[in-house]
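See below:
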């Protein structure tokens with residue numbers, strides 16, 4: 226409202242000035258925005274999500290970290306499962322596909338992928354096969370994590386043999402419930 230009035234006023238006062246050089250905001254608005262932006266200067270966080278998660282695991286290992294209809298995990302168990310998955314992925318910067326239903330297990334897989342230094346690329350089973358292939362090729366992923374139930378779907382894509390397919394349940398099977406740490410996983 227007042228931005229349009231300001232713009233129209235500038236256009237009337239300076240008819241030869243290109244539109245790209247005019248401002249929607251008045252000088253008072255710009256001064257106010259500058260003031261607001263200096264109150265909370267931008268800072269770079271000292272910790273990343275993995276560091277913050279590890280801090281939570283160390284401080285409160287036994288409370289539930291994540292829970293859905295099929296899975297309840299303490300922070301300690303969540304950490305152990307994500308570590309097991311992470312250990313199965315090659316370290317270093319890479320793209321890893323995540324082909325899983327939305328669930329607590331998918332969150333564990335995301336954390337495991339991040340712990341390996343990878344970025345995760347969500348792959349939705351509702352996408353057509355050609356769309357999935359395009360995402361996989363364009364992101365140059367070298368591995369895909371999927372549920373056992375979706376393994377046949379990912380294999381039907383006839384992907385390059387260079388792409389490692391990891392079944393979530395196999396990757397975390399080595400993680401035994403830790404004493405005193407509640408964990409329930411339905412396979």
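Residue numbers (the working numbering): 226 to 412.
Glycine residues also receive a C-beta, built at the ideal position from the N, C-alpha and C atoms.
Under DSSP, no beta-bridge partner is assigned to residue 358. Residue 325 and residue 334 do touch by the CB rule: their CB atoms are close to 6 Å apart, below 8 Å. If you ignore the 5 residues before and after residue 282, its C-beta comes within less than 7 Å of the C-beta of 300, 301, 304, all in its own chain and listed in chain order. Just so you know, the alpha carbons of residue 384 and residue 246 end up roughly 51 Å apart. Inclusion of residue 346 and residue 375 in the CB contact set at 8 Å is not warranted, their separation being larger than that value. Cβ neighbours of residue 328 within its own chain (closer than 6 Å, five residues either side excluded): 293.
By the criterion of a C-beta distance shorter than 8 Å, residue 380 is surrounded in its chain by 390, once the five residues flanking it on both sides are discounted. One alpha carbon belongs to residue 227, the other to residue 253, and they sit about 12 Å apart. A buried status is given to residue 298, since no fewer than 16 other beta-carbon atoms sit within 10 Å of its beta-carbon. When the beta-carbon positions are compared, residue 321 and residue 370 come within less than 8 Å of each other.
Between residue 358 and residue 382, the gap from beta carbon to beta carbon is short of 8 Å. Each residue's CA atom was taken as its position, placing residue 242 and residue 236 some 7 Å apart.
Residues of the same chain with a CB within less than 8 Å of the CB of residue 248, apart from the 5 flanking positions on each side, are 231, 232, 235, 255 in chain order. The three-state secondary structure of residue 323, taken from DSSP, is strand. With respect to the 8 Å criterion, residue 310 and residue 396 are classified as neighbours on the basis of their beta carbons. In this structure, the beta-carbon distance from residue 367 to residue 319 falls below 8 Å. Between residue 308 and residue 340, the C-beta gap is smaller than 8 Å, which places the two residues in contact. In the structure shown, residue 344 falls within a strand segment according to DSSP collapsed to helix, strand and coil.
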